[in-house]
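Numbering (the numbering used here), first residue to last: 3 to 736.
Glycine is no exception: its CB is placed at the ideal position from the N, C-alpha and C atoms.
Since the model is a prediction, treat every value here as computed from it, not as a measurement.
Here the structure comes first, spelled out in structure tokens, and everything after it is commentary.
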Ligand code: ADP
Ligand code: ZN
């Protein structure tokens, strides 16, 4: 399959072209002068416009052939391989996504197909310092120093430094910045798989050996690499990457969070002597274009990226690593609804490549696949070196007497104080952004809500605004109650990280506190800088939301305090127990990663809850076995299949009418033994002014769910303004 030849069409042959335009089928064209290959990226006329497409196969014909227009231009890009074509088709079938939307994912390169050209680039010059430093000049040099090996266009450099292009030009005159012509897209430096690496422990060597053999087998396979936090999973899978590069094949490492990439890039550089290609939303247009092109030409051997990197045009993919495979951010929740972990397995199976799913707390889906014999399993059981797993204990909040509007118990506060005295770091974890989740009027009880969504506004005190976490709308804190107009009666209820920070500075005056929350950083760079500062010991107390749970390495951190361990257990999400277990184990795993042992303290009102007990005891196998048996009994994922249908429209009547019409015509679903629940107003019943109604489909594991859903929804005609989206294997039920 991987080596299949692409067909060639001669000039004037009737060919079919799939475009990125939202049409329900491919269109016929004539092959251009000189002919073209199947898979070629082309520009074709569509009405009065020129649009991007890919040669999909032979034309369909069956109508007046004299009207068929020719392809305008074949783009200077490596044709799409059959393996990618098949991947897009299968992914489209699985997620019930129209092909043009899939093609858009596979062509997200700016200026795809533009001829090779020269451009003027800027990098660090030979002169160390200008005659005179200004803040603006300093910023430019900082950017260049930070991104050592990279070069920028004038516009990019000026934008990244936040200065005018005149400042850059001034530095060029002085020789501090060099200006030169360079081909637009340079190949990436070669990674050296043989560069000497670390001495692996026995357990790590066994794991590496297993992964190596699979990579060398040249076929498809998926391995769950399970290992406690700090056990060396990254070291181990980098050896699998080395084996893949040795074979002359390309590798892809997916990370759940772009803030993690810079730390990871440094590790790749240590291991392979050069930096890999990067692919995520924080990458400049120029770098994106270069990455896409070099990947397609096989001139980028390793890509580190976010989920959309799965759609890059690899030539000879040999390995995909999905790091922190349990992370929910692998599920794309808007546009094309796909789970990058599952699509990685699909992509690899079509490319005869290996997949490594790495996690300390794997998803139940992956556990079940290991149990079923579909995935291999490799395990690392102990932390590397002197580091041991943190001791975990509950703080029974029923026994603590906390005054209202305080969240740090005396027990937790005493533990933090001890760390401060010993010069060690503490992390207080609270998965709530902002100052307070609710703002209530003490006169009339009114809760301030969003104008466009059925959601409460969350106070963000640093920004002095209320924010809707659904649509992002913000407004200033009102001076009077919007409902009863009472003055000065609006009060915050409940804690967010900003409010917790206030309590912490009152409890520990003089301690250095840092808040890590996704909304407090304008850019990934600012977040990265903050994380590096913390890792270097720049804070006594870190207050963080779930972004701190993800893989960051803080060597001075020895205490983790979870403010509200019960938070995730509320609600009816079928994965509530699983998510809480994973999150708590991950957060606790931040403590004691270096030589000093760590402790994790969980504040809870229900210390005897089975999930809390499983978290504390660390008896994972028992937890997963119990969780699996509950899901089996209920027939829910991973032992049954589910799909969520969300209808949304500005017209509330329309959404319910269509929902009822669907519920009344479930014939195609009943044929496969599936059940339908709903329609019901979604838990968040209105977002951005659109009313939302949900239906839920449940079926047996083996049922052909997608086909049945496609015929089911095709029966109902949708009003123009109504959107219907199908979410196969939903992760979110909001
Ligand atoms: P994980 O990915 O499982 O959390 P890492 O691969 O990040 O673990 O390893 C944790 C820390 O231990 C890292 O700083 C890593 O460099 C170090 N480490 C792991 N294995 C070794 C080894 N064999 N030799 C030297 N350092 C190691
Ligand atoms: Zn809103």
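| query | CA-CA distance, residue 469 and residue 543? | reply | So the two alpha carbons sit approximately 26 angstroms from each other.
| What three-state label does DSSP hand residue 703 in the structure shown? | Coil at residue 703, not helix or strand.
| query | So what does DSSP say about residue 47, is it helix, strand or coil? | reply | Three-state result, residue 47: strand.
| message | Check this for me: beta carbons of residue 213 and residue 242, under 8 angstroms apart or not? | response | For residue 213 and residue 242, yes; Cβs fall inside 8 angstroms.
| Within this structure, are the beta carbons of residue 321 and residue 92 separated by less than 8 angstroms? | Their beta carbons are not under 8 angstroms apart, which means residue 321 does not touch residue 92 by this criterion.
| Is residue 565 helix, strand or coil by DSSP? | In the structure shown, residue 565 falls within a coil segment according to DSSP collapsed to helix, strand and coil.
| task | Just grab the DSSP bridge partners of residue 341 for me. | result | According to DSSP, residue 341 bridges with 333.
| request: Go ahead and label residue 461 buried or exposed: buried means 16 or more other beta carbons lie within 10 angstroms of its beta carbon, across all protein chains shown. | output: Burial check for residue 461: the Cβ neighbour count within 10 Å reaches 16 or more, so the residue is buried.
| request: State the Cα-Cα distance for the pair residue 571 and residue 715, rounded to the nearest angstrom. | output: Distance between the alpha carbons of residue 571 and residue 715: 34 angstroms.
| Taking residue 392 as the reference, which of 483, 399 and 384 has the closest Cα? | The candidate whose alpha carbon is nearest that of residue 392 is 384.
| Can at least three beta-carbon pairs, one atom from the stretch 82–91 and one from the stretch 38–54, be found at a separation below 8 angstroms? | Yes, since at least three Cβ pairs between the stretch 82–91 and the stretch 38–54 fall closer than 8 angstroms, the two stretches touch.
| message | Please report the distance separating the alpha-carbon of residue 200 from that of residue 477. | response | Roughly 53 angstroms separates the two Cα atoms.
| query | What does DSSP give as the partner residues of residue 281 in its beta bridges? | reply | For residue 281, which the question treats as bridged, DSSP gives the partners 307.
| field | residue 389, buried or exposed, once every other Cβ within 10 Å from all chains shown has been counted against 16 | value | Flag for residue 389 reads buried.
| query | By DSSP, does residue 90 sit in helix, in strand, or in coil? | reply | DSSP, read as helix, strand or coil, puts residue 90 in helix.
| task | Closer than 6 angstroms by C-beta to residue 343: which residues in its own chain qualify, once you throw out the five before and the five after it? Chain order, please. | result | Residues 324, 327 and 332 of the same chain have their beta carbon placed closer than 6 angstroms to that of residue 343, with the five preceding and five following residues left out of the count.
| said: Just to confirm my understanding: we take residue 380, look at its own chain, exclude 5 residues before and 5 after, and list those with CB closer than 6 angstroms. What are they? | reply: These residues qualify, in order along the chain: 209, 212, 225 and 227.
| request: Helix, strand or coil for residue 630, going by three-state DSSP, please let me know. | output: Three-state DSSP puts residue 630 in a helix.
| task | Note down, one range per segment and in chain order, each alpha helix (DSSP H) of at least 4 residues found wholly within the stretch 607–651. | result | Here the runs fully enclosed are 612–619 and 622–636.
| said: Please determine whether the Cβ atom of residue 555 lies at a distance below 7 angstroms from any heavy atom of the ligand ADP. | reply: Residue 555 Cβ: within cutoff of the ligand ADP.
| task | For my contact list, residue 95 and residue 708 are in at a C-beta cut-off of 8 angstroms; report their separation, rounded to the angstrom. | result | With a Cβ gap of about 6 angstroms, residue 95 and residue 708 count as contacting.
| query | Quick one, are the C-beta atoms of residue 485 and residue 455 less than 8 angstroms apart? | reply | Cβ distance not < 8 angstroms, so residue 485 and residue 455 don't count as in contact.
| request: Would you mind stating whether residue 22 and residue 77 have Cβ atoms separated by less than 8 angstroms? | output: Pairing residue 22 with residue 77 gives a Cβ-Cβ distance that is not under 8 angstroms.
| message | Rounded to whole angstroms, what is the Cα-Cα separation between residue 565 and residue 497? | response | Cα to Cα, the separation comes out at about 10 angstroms.
| request: Starting from residue 33, trace the alpha helix (DSSP H) both ways and give me its first and last residue. | output: From DSSP, residue 33 is part of no alpha helix (DSSP H); its letter is neither H nor E.
| query | Thinking just about the alpha-carbon of each residue, which of 557, 534 and 586 is nearest to the one in residue 551? | reply | When each option's Cα is compared against that of residue 551, the closest is 586.
| field | residue 482 to residue 439 span [Cα, whole Å] | value | Rounded to whole angstroms, the gap between the alpha carbons of residue 482 and residue 439 is 19 angstroms.
| task | Give the DSSP-derived three-state secondary structure of residue 205 in the structure shown. | result | The answer is helix: DSSP assigns residue 205 an H, G or I state.
| query | From residue 235 to residue 329, what does the alpha carbon distance come to, in whole angstroms? | reply | Distance from the CA of residue 235 to the CA of residue 329, rounded to the nearest whole angstrom, comes to 16 angstroms.
| request: Locate the beta strand (DSSP E) running through residue 260, then write down its first and last residues. | output: Residue 260: not part of any beta strand (DSSP E); DSSP gives it neither H nor E.
| field | Residue-level contact to chain D via CB, residue 252, 8 angstroms cutoff | value | Note that chain D does not occur in the displayed structure, where there is just one protein chain.
| query | When we look at the beta-carbon of residue 719 and count the other beta-carbons within 10 Å, is it buried (16 or more) or exposed? | reply | A residue is called buried when at least 16 other Cβ atoms come within 10 angstroms of its Cβ; residue 719 does not meet this threshold and is exposed.
| said: Helix, strand or coil, according to DSSP, for residue 239 in the structure here? | reply: Note: residue 239 maps to helix in three-state DSSP.
| Straight-line CA distance for residue 11 to residue 33? | Taking the straight line from one Cα to the other gives about 7 angstroms.
| query | Between the Cα of residue 318 and the Cα atoms of 250, 345 and 269, which residue gives the shortest distance? | reply | The candidate whose alpha carbon is nearest that of residue 318 is 250.
| request: Would you kindly work out how many angstroms separate the C-alpha atoms of residue 599 and residue 593, rounded to a whole number? | output: Roughly 8 angstroms between the two C-alpha positions.
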